[in-house]
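Peer 1: Protein chains in written order, with the numbering used here: chain G, 37 to 527; chain D, 332 to 820.
For each residue, glycine too, the CB sits at the ideal point set by N, CA and C.
It should be emphasised that the depicted structure is a prediction, and the values quoted were computed from it without experimental measurement.
Just passing along the structure, written as structure tokens.
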Amino acid sequence: MNFNILSILTFLPILGMVIIAVVPNKFERSAKWIALLNSLVLLGLSIYLWTIFDKTNALMQFEEKFRWVPGVNIYYHLGIDGVSLPMVFLTCLLTVLGILVSWNIDHKPKVFFALMLLLTTGMLGVFVALDFILFYIFWELVLLPMYFLIAIWGSSNRMYAAIKFFLYTLFGSVLMLVGILLIFFNSGLKTFDILELANSNSLNLAVNLQNWIFFLLFMGFAIKVPMFPFHTWLPDAHTEAPTAGSVLLAGILLKMGSYGFIRISIPILPDAAKSWSPAIAILAVIGIIYGALASLIQKDLKRLVAFSSVSHMGFVMLGISMLTPTAINGAVLQMFNHGCITGMLFLLVGMIYDRTHTRLIEDMGGLANKLPLWAGILAFTSFASLGLPGLSGFWGEFLVLFGTFNKGSTFAKVMVYISILGIVLGAAYLLWMLQRVIFGNANEKLHDLKKFSWLEFITLAPLIAIIILVGVYPAPILNIINNSVNYILNM
Amino acid sequence: MSIMSINIVYIIPELIIAFFALLILLLSVFIGKKFDIALAPISVFGIFISLVSVFVFNFYNKSSVFNNSFVVDNFSNFFRIFILTSSLIFIVFTFSYSKGSIYIKRHLGEFYFLILMVIIGAMLMSASCDLIMLFISLELVSIPSYILAGYEKMNEKSEEASLKYFILGVLATAILVYGFSLVYGATGEINLKEIARAIINRNLLENNYVLIIGVILSLVGFAFKIGAAPFHWWAPDTYEGAPTIITTLITTIVKIAAFAGLIRFLYVGISGFKNSIWIVLFLVLLSLLSVIIGNLMALPQKNFKRLMAYSSIAHAGYILIGFSSANTDAQFAIFIYLLAYIAMNLGAFSVAMLVEKTRHSEEIKAFAGIGYTNPFISICMIIFLISMVGLPPFAGFLGKLLVFKAGVENNLTWLVIIGVITSVISLWYYVNIIKHMYFVRYEGDSSLLKIKASKLSVFLITILAIFTISMVIIPSVFILVSRNAVVFF
Numbered sequence: 037m038n039f040n041i042l043s044i045l046t047f048l049p050i051l052g053m054v055i056i057a058v059v060p061n062k063f064e065r066s067a068k069w070i071a072l073l074n075s076l077v078l079l080g081l082s083i084y085l086w087t088i089f090d091k092t093n094a095l096m097q098f099e100e101k102f103r104w105v106p107g108v109n110i111y112y113h114l115g116i117d118g119v120s121l122p123m124v125f126l127t128c129l130l131t132v133l134g135i136l137v138s139w140n141i142d143h144k145p146k147v148f149f150a151l152m153l154l155l156t157t158g159m160l161g162v163f164v165a166l167d168f169i170l171f172y173i174f175w176e177l178v179l180l181p182m183y184f185l186i187a188i189w190g191s192s193n194r195m196y197a198a199i200k201f202f203l204y205t206l207f208g209s210v211l212m213l214v215g216i217l218l219i220f221f222n223s224g225l226k227t228f229d230i231l232e233l234a235n236s237n238s239l240n241l242a243v244n245l246q247n248w249i250f251f252l253l254f255m256g257f258a259i260k261v262p263m264f265p266f267h268t269w270l271p272d273a274h275t276e277a278p279t280a281g282s283v284l285l286a287g288i289l290l291k292m293g294s295y296g297f298i299r300i301s302i303p304i305l306p307d308a309a310k311s312w313s314p315a316i317a318i319l320a321v322i323g324i325i326y327g328a329l330a331s332l333i334q335k336d337l338k339r340l341v342a343f344s345s346v347s348h349m350g351f352v353m354l355g356i357s358m359l360t361p362t363a364i365n366g367a368v369l370q371m372f373n374h375g376c377i378t379g380m381l382f383l384l385v386g387m388i389y390d391r392t393h394t395r396l397i398e399d400m401g402g403l404a405n406k407l408p409l410w411a412g413i414l415a416f417t418s419f420a421s422l423g424l425p426g427l428s429g430f431w432g433e434f435l436v437l438f439g440t441f442n443k444g445s446t447f448a449k450v451m452v453y454i455s456i457l458g459i460v461l462g463a464a465y466l467l468w469m470l471q472r473v474i475f476g477n478a479n480e481k482l483h484d485l486k487k488f489s490w491l492e493f494i495t496l497a498p499l500i501a502i503i504i505l506v507g508v509y510p511a512p513i514l515n516i517i518n519n520s521v522n523y524i525l526n527m
Numbered sequence: 332m333s334i335m336s337i338n339i340v341y342i343i344p345e346l347i348i349a350f351f352a353l354l355i356l357l358l359s360v361f362i363g364k365k366f367d368i369a370l371a372p373i374s375v376f377g378i379f380i381s382l383v384s385v386f387v388f389n390f391y392n393k394s395s396v397f398n399n400s401f402v403v404d405n406f407s408n409f410f411r412i413f414i415l416t417s418s419l420i421f422i423v424f425t426f427s428y429s430k431g432s433i434y435i436k437r438h439l440g441e442f443y444f445l446i447l448m449v450i451i452g453a454m455l456m457s458a459s460c461d462l463i464m465l466f467i468s469l470e471l472v473s474i475p476s477y478i479l480a481g482y483e484k485m486n487e488k489s490e491e492a493s494l495k496y497f498i499l500g501v502l503a504t505a506i507l508v509y510g511f512s513l514v515y516g517a518t519g520e521i522n523l524k525e526i527a528r529a530i531i532n533r534n535l536l537e538n539n540y541v542l543i544i545g546v547i548l549s550l551v552g553f554a555f556k557i558g559a560a561p562f563h564w565w566a567p568d569t570y571e572g573a574p575t576i577i578t579t580l581i582t583t584i585v586k587i588a589a590f591a592g593l594i595r596f597l598y599v600g601i602s603g604f605k606n607s608i609w610i611v612l613f614l615v616l617l618s619l620l621s622v623i624i625g626n627l628m629a630l631p632q633k634n635f636k637r638l639m640a641y642s643s644i645a646h647a648g649y650i651l652i653g654f655s656s657a658n659t660d661a662q663f664a665i666f667i668y669l670l671a672y673i674a675m676n677l678g679a680f681s682v683a684m685l686v687e688k689t690r691h692s693e694e695i696k697a698f699a700g701i702g703y704t705n706p707f708i709s710i711c712m713i714i715f716l717i718s719m720v721g722l723p724p725f726a727g728f729l730g731k732l733l734v735f736k737a738g739v740e741n742n743l744t745w746l747v748i749i750g751v752i753t754s755v756i757s758l759w760y761y762v763n764i765i766k767h768m769y770f771v772r773y774e775g776d777s778s779l780l781k782i783k784a785s786k787l788s789v790f791l792i793t794i795l796a797i798f799t800i801s802m803v804i805i806p807s808v809f810i811l812v813s814r815n816a817v818v819f820f
């Protein structure tokens, strides 16, 4: 490798942002083209990265490392492995789709697309950073653009949702920072390097201290995931955000939390992870059931999808808490799938909102006649979301439950039984939603709906393809994930 | 030591400022109003020459003069450069501000004279190495700033600000001097290095309560000057009442000076203060109260300057966490935090002054809508405010990171946790300003919609914003400089 592909990938959006910033206001319509071009190059780079990625190698690849802050031992350290690769690809893909779905934004387009690109840098950075401080910087970098995306382009209650999102996640991440500092001083290594900390078997942290540090990190990650009971920012933020914002929130930002568990908490604090595992599992299962029940009673379509995220991220966390390769493989796959499926659901909700200007389920109905293609895709996505075999959603949840069950303990089995109830409830709210939205009598308020455009279809097509592809043949992506997960667990 | 043998070279930077200060005073008295226009450029020139002289004469010469009461070392050179550079920026902001205030316009000569006096005091403070010198330079900083705070003499609020600042300031100075006298009584020395030696030789920190009470009383005096709770009561009223340009002076240069003095006093004089549980406890208490009171009291504020008063109390608290670091290796955290603090505070105040000049209001409401009328300035303002929260990639993050790191290293994790939680709280009121900038419609006169900003102010704001970002992008430069500054003579 002669060129630093990860640095280019991470900082290319900043370049795009600067270009958009210097474009005169007269040509503000060109902002979206610049952003699209930029994100397409990113997508191309990430696909290229996927092809040159050594699939048999479980270690970090394309590493870049140099000393950044000399006195404090902070390194600029990037790298990618089988867990982060799907996330990086997903980030690039959803950014492209987010930009496409915002194509007709006419309020301050320059600022909108500049913020989208800044957000992309933050998200990509989180998945490739291998130094704690660098990781933290990217982690926080995400907050500000997302705050503005919600606060400027959101719907009616946007200010409240935006500041709630900001305060909640900042609260978690500053506690995480304290945890990071505690690791720095108490590990005896005086390093912020995630790999070095994970690899050293001689981390002489007292068990008690490890538990505390795990708790501090847990606060940061769990709020982001979000796990029950820290989820209350999510429905507000997802519902009020503009479509692109919801897609990226659900598709990528939530995964940053679970990624943190896999990349940081488990390898660096293995003992604490073991002792915390039951607590996390219980919270995860509560999240699964609670999210599903809450989805059942939602009147707002977007809010329903938001709560379904709480439920689905519960599966991810259940898988992670089990600390077995199968379960964590399932969790990582579920992260990827949930990004695709929920991202797509938010895209679909955004598209219908553009037409009907309402998100209330009771105001819809009979859309199968009016927008057959849209209704078909919604049904397809809902089936993927409820875990229909043959579509991608199935594999993630299946592996998580399988891995959990395989653990053998009664506790794990009970967890599985309860979560299966969550799947049933999931089928219930999704099917009931379909029944009310696309079947039944058409609401007379809905007339003159714009036809489903090619642009919209192109926006959805890649996700449809991925959902089917992974659903039918998950082996390629699972192999990549599996190698690295095994390696991380054996560290 | 006769007067002739004093090596004048070491105080050339201060002498230059003094020369220009007197020059300005004489010019304004004898030539009068005609010359007013030249006063600001003369001050800028004087500060610039002084800055150059620091590099030319003092950079590689390290020594102590005047019976060891005045030292030139890396520490004092760092602070001289730091103070002079921020003064340079500050003075440029006075250009346009003074045009808008009739009182400042009427007594422009005295105005610049007093500001230059504050600057000399601040420079002397960082270089002083005995108790008397510390006291004199502290007064040299304080007395002109009392006068400046009341510069709008027909404005009741300004008078109130000045009087409160003066009365409480004098009280604090009295306590400080009493503390100094006890320290002198316990050690028999006034020179900081001799004090340190006496403390070590006679093991005073462990068995001499007169010394400990003396140190704590001195700390009370310093705490007043840096505006740490519970000695902060003057700050909100003074910040609000004083002319905004003077508030900027008090929150930046006066504060650097007080911190420089405090660092010198604690790290050179009471160098083993870590061994005394009482002194450490007192510092921790100051820091704890400051971060809690500063951040909580800032929440309901509607006046920008009052808000900044509480915010600067909170920042003083964060900086005080840095004093918990035992090894000199981590002391530069304080310097980094100060650098970041000054950059973002100067930046935020300069934007506020522009807003005030156009809209004649210091309320947060006055910021309404500037995000759309003045996009560039608003983006800079966001950078300053978010930097104050301590979010990356801005300078405040680096400052907080290093200070918290020092705290965790010294087993003050609980204090750091309170520190991070209160900085989350601070997000609320800083974002409230951003909210006004972007999401609230301005309800005043529509001719005041667009903030008038001179090219020079915009240029300086840009510089400060770039500085705020670059501290995180290329931190190695700043850390290198700050680490060298920890070297005391």
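(1) Just how far apart, CA to CA, sit residue 118(G) and residue 514(G)?
(2) Just to confirm the assignment: which complete alpha helix (DSSP H) runs, minimum length 4, are found wholly within the stretch 46 to 102 of chain G?
(3) Restricting to runs no shorter than 4 residues, where is the alpha helix (DSSP H) found entirely within the stretch 311 to 365 of chain G?
(4) Please list the terminal residues of the continuous alpha helix (DSSP H) segment that includes residue 116(G).
(5) Count the other CB atoms, across all protein chains shown, that sit within 10 Å of the CB of residue 332(D); report buried if there are 16 or more and exposed otherwise.
(6) For residue 523(G) and residue 584(D), I'd like the C-alpha separation in whole angstroms.
(7) Taking 8 Å as the cut-off, is the beta-carbon of residue 798(D) closer than that to any non-hydrogen atom of the ligand ZN?
(8) Enumerate in chain order the residues of its own chain whose CB-to-CB distance from residue 715(D) is below 6 Å, with the five nearest sequence positions on each side excluded.
(9) Shorter than 9 Å from the beta carbon of residue 48(G) to some beta carbon of chain D?
(10) Between residue 795(D) and residue 414(D), is the Cβ-Cβ spacing less than 9 Å?
(11) Pick out the complete alpha helix (DSSP H) segments inside the stretch 338 to 374 of chain D, 4 residues or longer, and give them in chain order.
(12) Quick one: measure Cβ to Cβ for residue 712(D) and residue 802(D), integer angstroms, because I've assumed they're closer than 8 Å.
(13) In chain order, which beta strand (DSSP E) runs of at least 3 residues are fully inside the stretch 196 to 262 of chain G?
(14) So is residue 361(G) buried or exposed if we call it buried at 16+ other beta carbons inside 10 Å?
(15) Compare the beta carbon distance of residue 414(G) and residue 506(G) with 9 Å and say whether it is the shorter of the two.
(16) Taking 9 Å as the cut-off, decide whether the C-beta atoms of residue 434(D) and residue 491(D) are in contact.
(17) If the cut is a Cβ gap below 8 Å, which residues of chain G does residue 814(D) touch?
(18) Check each residue of the stretch 739 to 764 of chain D: if its Cβ is closer than 8 Å to any Cβ of chain G, include it; give the result in chain order.
(19) Could you tell me the boundaries of the alpha helix (DSSP H) in which residue 798(D) lies?
(20) Leaving out five residues before and five after residue 351(G) in sequence, what residues of the same chain have Cβ atoms less than 6 Å from its Cβ?
(21) Quick test of your reading: residue 115(G) and residue 283(G), contact by CB under 8 Å. State the CB separation rounded to the nearest angstrom.
(22) Should residue 335(D) be labelled buried (16 or more other beta-carbon atoms within 10 Å of its own) or exposed?
(23) Mind checking who residue 401(D) pairs with in its DSSP beta bridge?
(24) Between residue 53(G) and chain D, is the shortest Cβ-Cβ distance under 9 Å, so that the two count as touching?
(25) Who are the Cβ neighbours of residue 37(G) in its own chain at under 7 Å, not counting the five residues just before and after it?
(26) Residue 378(D) versus chain G: which residues are under 8 Å apart at the beta carbon?
(27) How would you call residue 73(G), buried or exposed, if buried means at least 16 neighbouring beta carbons within 10 angstroms?
(28) Quick one, which residues of the stretch 277 to 290 of chain G are near chain D if we go by CB-CB under 8 Å, in chain order?
(29) Establish whether the CB of residue 736(D) and some CB of chain G are separated by less than 9 Å.
(30) Run down chain D in chain order and give the residues with a C-beta less than 7 Å from the C-beta of residue 176(G).
(31) Quick one: measure Cβ to Cβ for residue 287(G) and residue 378(G), integer angstroms, because I've assumed they're closer than 8 Å.
(32) In the stretch 168 to 196 of chain G, which residues sit with their C-beta less than 9 Å from some C-beta in chain D, listed in chain order?
(33) Using the Cα positions of residue 241(G) and residue 250(G), report the straight-line distance between them to the nearest angstrom.
(34) Give me the Cα-Cα distance between residue 614(D) and residue 154(G), rounded to the nearest whole angstrom.
(35) In whole angstroms, give me the CA-to-CA distance for residue 568(D) and residue 450(D).
(36) Only counting the same chain, and skipping five residues up and downstream in sequence, which positions put a Cβ closer than 6 Å to that of residue 462(D)?
Peer 2: In terms of the structure at hand:
(1) Computed Cα separation, rounded: 9 Å.
(2) With a minimum length of 4 residues, the unbroken runs of alpha helix (DSSP H) contained wholly in the stretch 46 to 102 of chain G fall at 66 to 88.
(3) As summarised for the stretch 311 to 365 of chain G, the continuous alpha helix (DSSP H) elements at least 4 residues long and confined to that stretch are 337 to 358, given in chain order.
(4) Segment 110 to 116 is the beta strand (DSSP E) holding residue 116(G); no alpha helix (DSSP H) there.
(5) Low local confidence applies: a pLDDT of 45 at residue 332(D) is under 50, so the model's placement there is unreliable, with the coordinate-based value given in what follows. Label assigned to residue 332(D): exposed.
(6) One C-alpha to the other measures close to 54 Å.
(7) Here there are no bound small molecules, and the ligand ZN is not part of this structure.
(8) Setting aside the 5 residues that flank it on each side, residue 715(D) is surrounded in the same chain by 675, 678 and 679, each with a C-beta closer than 6 Å to its C-beta; the list follows chain order.
(9) Closer than 9 Å: no.
(10) It is not a contact, given that the beta carbons lie outside the stated cut-off.
(11) Along the length of the stretch 338 to 374 of chain D, whole alpha helix (DSSP H) runs at least 4 residues long occupy 343 to 361, reported in chain order.
(12) Contact flag wrong, Cβ pair sits at about 17 Å.
(13) Counting only runs of 3 or more, we get nothing.
(14) Residue 361(G) should be labelled buried.
(15) Going by C-beta atoms, residue 414(G) is not nearer than 9 Å to residue 506(G).
(16) Their beta carbons are not under 9 Å apart, which means residue 434(D) does not touch residue 491(D) by this criterion.
(17) Within chain G, the residues 107 have their CB atoms less than 8 Å from the CB of residue 814(D), given in chain order.
(18) Taking 8 Å as the Cβ-Cβ cut-off against chain G, the residues of the stretch 739 to 764 of chain D that qualify are 739, 740, 744, 747, 748, 751, 752, 754, 755, 758, 759 and 762.
(19) For residue 798(D), the uninterrupted alpha helix (DSSP H) segment begins and ends at 786 to 804.
(20) Here the set comprises 370, 433 and 436.
(21) Going by Cβ atoms, the distance from residue 115(G) to residue 283(G) rounds to 27 Å, so no, they are not a contact pair.
(22) Only weak support exists for where residue 335(D) lies, its pLDDT of 49 falling under 50; the coordinates are left without a value.
(23) 396(D) and 459(D), per the DSSP bridge assignment.
(24) No Cβ of chain D is located within less than 9 Å of the beta carbon of residue 53(G).
(25) Unreliable positioning characterises residue 37(G) in this predicted model, as indicated by a pLDDT of 49, which lies under 50. The coordinate reading is nonetheless provided below. Same-chain partners within the cutoff: 98.
(26) Within chain G, not a single residue places a beta-carbon under 8 Å from that of residue 378(D); the smallest gap is close to 30 Å.
(27) Answer is exposed; the Cβ neighbour count stays below 16.
(28) From the stretch 277 to 290 of chain G, no residue has a Cβ closer than 8 Å to chain D.
(29) For residue 736(D), the closest Cβ of chain G is nearer than 9 Å.
(30) From the beta-carbon of residue 176(G), the residues of chain D found nearer than 7 Å are 722 and 723.
(31) Distance from residue 287(G) to residue 378(G) at the Cβ level is roughly 7 Å; contact confirmed, criterion being Cβ atoms closer than 8 Å.
(32) Correct list: 169, 172, 173, 174, 175, 176, 177, 179, 180, 183, 184, 187, 188, 194 and 195.
(33) Straight-line Cα distance between these residues: approximately 11 Å.
(34) The straight-line gap from Cα to Cα measures roughly 40 Å.
(35) Looking at the two C-alpha atoms, the distance is approximately 23 Å.
(36) Excluding sequence neighbours, residue 462(D) sits near 511 and 521.
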